[in-house]
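Q: Have a look at the structure that comes next, please.
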Amino acid sequence: MNQGPRWYVVHTYSGYENKVKANIEKIVENRGLGDMIFEVVLPIEITVTTNEKGEQKEVESKVFPCYVFVKMIMTDATWHVVRNITGVTGFVGPGSKPTPLTDAEVRSFKVETKTEKPAFESGDKVKLVSGIFEGFGGTLQEIDAENDQATVLVSTETRDIQVIVDLKDIRRAEED
Numbered sequence: 003m004n005q006g007p008r009w010y011v012v013h014t015y016s017g018y019e020n021k022v023k024a025n026i027e028k029i030v031e032n033r034g035l036g037d038m039i040f041e042v043v044l045p046i047e048i049t050v051t052t053n054e055k056g057e058q059k060e061v062e063s064k065v066f067p068c069y070v071f072v073k074m075i076m077t078d079a080t081w082h083v084v085r086n087i088t089g090v091t092g093f094v095g096p097g098s099k100p101t102p103l104t105d106a107e108v109r110s111f112k113v114e115t116k117t118e119k120p121a122f123e124s125g126d127k128v129k130l131v132s133g134i135f136e137g138f139g140g141t142l143q144e145i146d147a148e149n150d151q152a153t154v155l156v157s158t159e160t161r162d163i164q165v166i167v168d169l170k171d172i173r174r175a176e177e178d
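Sequential numbering of the sequence shown, starting at 3, is according to this note's numbering.
Here it is, written out as structure tokens:
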């Protein structure tokens, strides 16, 4: 079974996709399997909707509900680790034999994510779009890509406050 890292598709129960992704990542970290299981991806699509008040809202939806993509070296041990995570119903493939995605499928599904340029850089002017500082502007100081968080110096009327926020909660500030 061992042929080097390939992308595999894991089928999950409906609504378990995020839990499965998080559990795989946690097990990889706790058991030191980073040299066998390289990446776990849950492709999402962001659409902008407008409500009756004219307010725009970004909505995240799963591109492939009930599926998680895993880049891994397939061995009996790694198969067993992933297959026995709560919420996993199995790998995609005939019978119990996982079938890796072809290179063309990987490209068409846009699963490769590590090569994307970061959306923000230190020094960027940003606006917070949710949370206690929603609507406030600030300057991006640092990005913690591993935890999908950013440190932002938020400018209030009385002082500047350093806050740590999720990357999904900031947008690039509009240049006036």
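C-beta atoms are modelled at their ideal positions from N, C-alpha and C, and glycine is treated no differently. Owing to the predicted nature of the structure, the values given are computational and were not obtained by experimental measurement.
Hey, how far is the Cα of Glu19 from the Cα of Pro67?
A: Within the sequence shown, numbered from 1, the residue matching residue 19 stands at position 17. Within the sequence shown, numbered from 1, the residue matching residue 67 stands at position 65. Distance between the alpha carbons of Glu19 and Pro67 is about 8 Å.
Q: Beta strand (DSSP E) containing Val42: first to last residue?
A: Translated into positions along the sequence shown, residue 42 becomes position 40. Val42 -> beta strand (DSSP E) spans 39 to 43.
Q: Does the count of Cβ pairs from the region 97 to 104 and the region 141 to 149 closer than 8 Å reach three?
A: no
Q: Does the Cβ-Cβ distance between Ile87 and Phe122 come in under 8 Å?
A: Your numbering for residue 87 matches position 85 in the sequence shown. Your numbering for residue 122 matches position 120 in the sequence shown. Not closer than 8 Å, so no.
Q: CB-CB under 8 Å to Ser16, same chain, minus the five flanking residues each way: which ones, in chain order?
A: As a first step, residue 16 is located in the sequence shown; it is residue number 14 there, counting from the start. Taken in chain order, the residues that qualify are Pro67, Cys68.
Q: Express the C-alpha separation of Val42 and Glu114 in angstroms, rounding to a whole number.
A: By 1-based counting over the sequence shown, the position of residue 114 is 112. By 1-based counting over the sequence shown, the position of residue 42 is 40. Residue placement at Glu114 cannot be trusted, given a pLDDT of 48 that sits under 50; the coordinates are not used to answer.
Q: Where does the unbroken beta strand (DSSP E) through Thr49 begin, and where does it stop?
A: As a position in the sequence shown, residue 49 is number 47, starting the count at 1. 46 to 52 is the span of the beta strand (DSSP E), which, as asked, contains Thr49.
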